[in-house]
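S.K.: I'd like to ask some things about the structure below.
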Amino acid sequence: MNKRHALGAAFMCAMTLTSLPSLAQIAPDGVQRYFRSGERPIQNVKVSNRYPKKDFNVTVKIQQEFNKNMPDARTEDTSDFLMAPNVFPLRAQENRLIRLVYTKPLDNEEKVYRVTFHPKAIEIIDNEVTDKIAFGLDLLQTTGMLVLVSPKNPSPKFRWERDETGITIINEGNTSVDFMRVKDFCESGKPKDPECKLLLPGRVYPGQTRKFDYPGNLPIKEWYYRIYDQIQPPISISAYNQ
C-alpha cells in the first residue's frame, strides 16, 4: 500500500471511529442541571463509562457561556464552580460520583455554564495508571451538560407575536423559558397525512427572542413550557388573523 492509500485508509478509519455511537459513552447522568434559588448549591453528578473493555482518565472543564444563541456568543473559563474531583480514572463499565458546587452568591441574572468531560485512554496495570496511546482513541468526542444558575429572585415573563409563518417568543423576564415539543397537528385527524405539522421545542434565554416556525392558519391548543425542570400550565394561541 502506498503512502497516499495508507493516509486515505487512516482518514476513513478515523471518520468511522468518530461516527460510532459508542464513542460518546463517557457521559454524565443527564445533559442539563439547574441550581435554583433557595436550594443547596451542591449537586452530585454520576459519570459513567459504558465501554466494556476501555479505561479512561477523565478531565472536567467548566466554562461560562455569554449571549448564548446570539451572534456575539462567547465562552470563558470560570472558577464559579468547584468540581471534586476534576481529574479521575474511570475503568470500563464503572460509574463515579463527583460533586459540583456553585461557589458564588446569586444575583438577579441567570447564569449559563457548560461542563464538559474529556476522556483520554489509559492503561491500568497492577492499580497503576499509565497513559496509553492507541489509534482512534484520541478522536473521542467530549460529552457535557448545560448548567443553569437561577437568579436570586426569579421572575419569569414572556409574550408572543404571531404571523403567517410562525410564533415569536419575546422573553422579558430573568429566567429561561423552555418550550416543549407540540405533537403533530393534523387537520384530517390522521397523524400520517402529509399536511401534519410539528412544532419543535426550544429554549428562549432572558432578553432574547426566538421564532418557532408554524403555519399561521393552525391554532395551538396546549403549548407546555418549563421554567428549569418544572413544567408550567400550557398556553394556547389562536390562529393568525391579518
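Mapping of the sequence shown onto the numbering used here: residues 1158 to 1399, in sequence order.
Quick reminder that beta carbons are idealized off the backbone N, C-alpha and C, glycines included.
Bear in mind that the values here come from a model prediction, so they are computed numbers and not experimental data.
Using the C-alpha atoms, what's the distance from residue 1397 back to residue 1310?
M.R.: 35 Å
S.K.: Counting C-beta neighbours from all protein chains within 10 Å, is the total for residue 1391 16 or more, i.e. buried, or is it exposed?
M.R.: exposed
S.K.: Bridge partners for residue 1276 per DSSP, in chain order?
M.R.: 1215
S.K.: Between which residues of its own chain and residue 1368 is the CB-CB distance below 6 Å, once the five residues before and five after are set aside?
M.R.: 1323, 1325
S.K.: Residue 1313 to residue 1248, Cα distance in whole Å?
M.R.: If I take the Cα positions, the gap works out to 43 Å.
S.K.: Rank 1233, 1231, 1182 by C-alpha distance to the C-alpha of residue 1210 and give the top, closest one.
M.R.: 1182
S.K.: With 16 as the cutoff for other CB atoms within 10 Å, does residue 1292 come out buried or exposed?
M.R.: At residue 1292, the pLDDT of 38 sits below 50, so the modelled position is not reliable; the number obtained from the coordinates is stated separately. Exposed, by the Cβ-count rule.
S.K.: CA-CA distance, residue 1197 and residue 1341?
M.R.: 39 Å
S.K.: Are the CB atoms of residue 1377 and residue 1356 nearer to each other than 8 Å?
M.R.: yes
S.K.: Residues in the same chain with beta-carbon distance under 7 Å from residue 1394, minus the five sequence neighbours each way, listed in chain order, please.
M.R.: Contacts found: 1317, 1319, 1324, 1376, 1377, 1380.
S.K.: Measure the C-alpha to C-alpha separation of residue 1260 and residue 1233 and round it to an integer number of angstroms.
M.R.: 17 Å
S.K.: Use the C-beta contact count for residue 1199: other C-beta atoms within 10 angstroms, 16 or more gives buried, fewer gives exposed.
M.R.: It is exposed - the Cβ of residue 1199 has fewer than 16 other Cβ atoms within 10 Å.
S.K.: Verify whether the separation of the beta carbon atoms of residue 1331 and residue 1226 is less than 8 Å.
M.R.: no
S.K.: Taking 8 Å as the threshold (C-beta atoms), are residue 1334 and residue 1276 in contact?
M.R.: no
S.K.: Return the first residue and the last residue of the beta strand (DSSP E) that residue 1246 is part of.
M.R.: 1244-1247
S.K.: Taking the CB atoms as reference points, tell me whether residue 1246 and residue 1212 lie closer together than 8 Å.
M.R.: yes
S.K.: Residue 1267 and residue 1228 - do their beta-carbons sit closer together than 8 Å?
M.R.: no
S.K.: Rounding to the nearest angstrom, what Cα-Cα distance links residue 1374 and residue 1321 in this structure?
M.R.: 7 Å
S.K.: What three-state label does DSSP hand residue 1194 in the structure shown?
M.R.: coil
S.K.: Would you list, in sequence order, the uninterrupted beta strand (DSSP E) runs of no fewer than 3 residues that lie entirely inside the stretch 1321-1394?
M.R.: 1323-1328, 1334-1336, 1339-1342, 1354-1356, 1359-1361, 1366-1370, 1377-1384, 1387-1394
S.K.: Taking the continuous beta strand (DSSP E) assigned at residue 1204, which residues delimit it?
M.R.: 1199-1206
S.K.: What separation, rounded to the nearest whole angstrom, lies between the Cα atoms of residue 1231 and residue 1184?
M.R.: 24 Å
S.K.: Among the residues of its own chain, which have a CB less than 6 Å from the CB of residue 1383, if the five just before and after it don't count?
M.R.: Excluding positions up to five away in sequence, the list reads 1335.
S.K.: Give the DSSP-derived three-state secondary structure of residue 1187 in the structure shown.
M.R.: coil
S.K.: Per DSSP, which residues does residue 1302 bridge with? Please list them.
M.R.: In the DSSP assignment, residue 1302 forms a beta bridge with 1272.
S.K.: Please report the distance separating the alpha-carbon of residue 1256 from that of residue 1237.
M.R.: 14 Å
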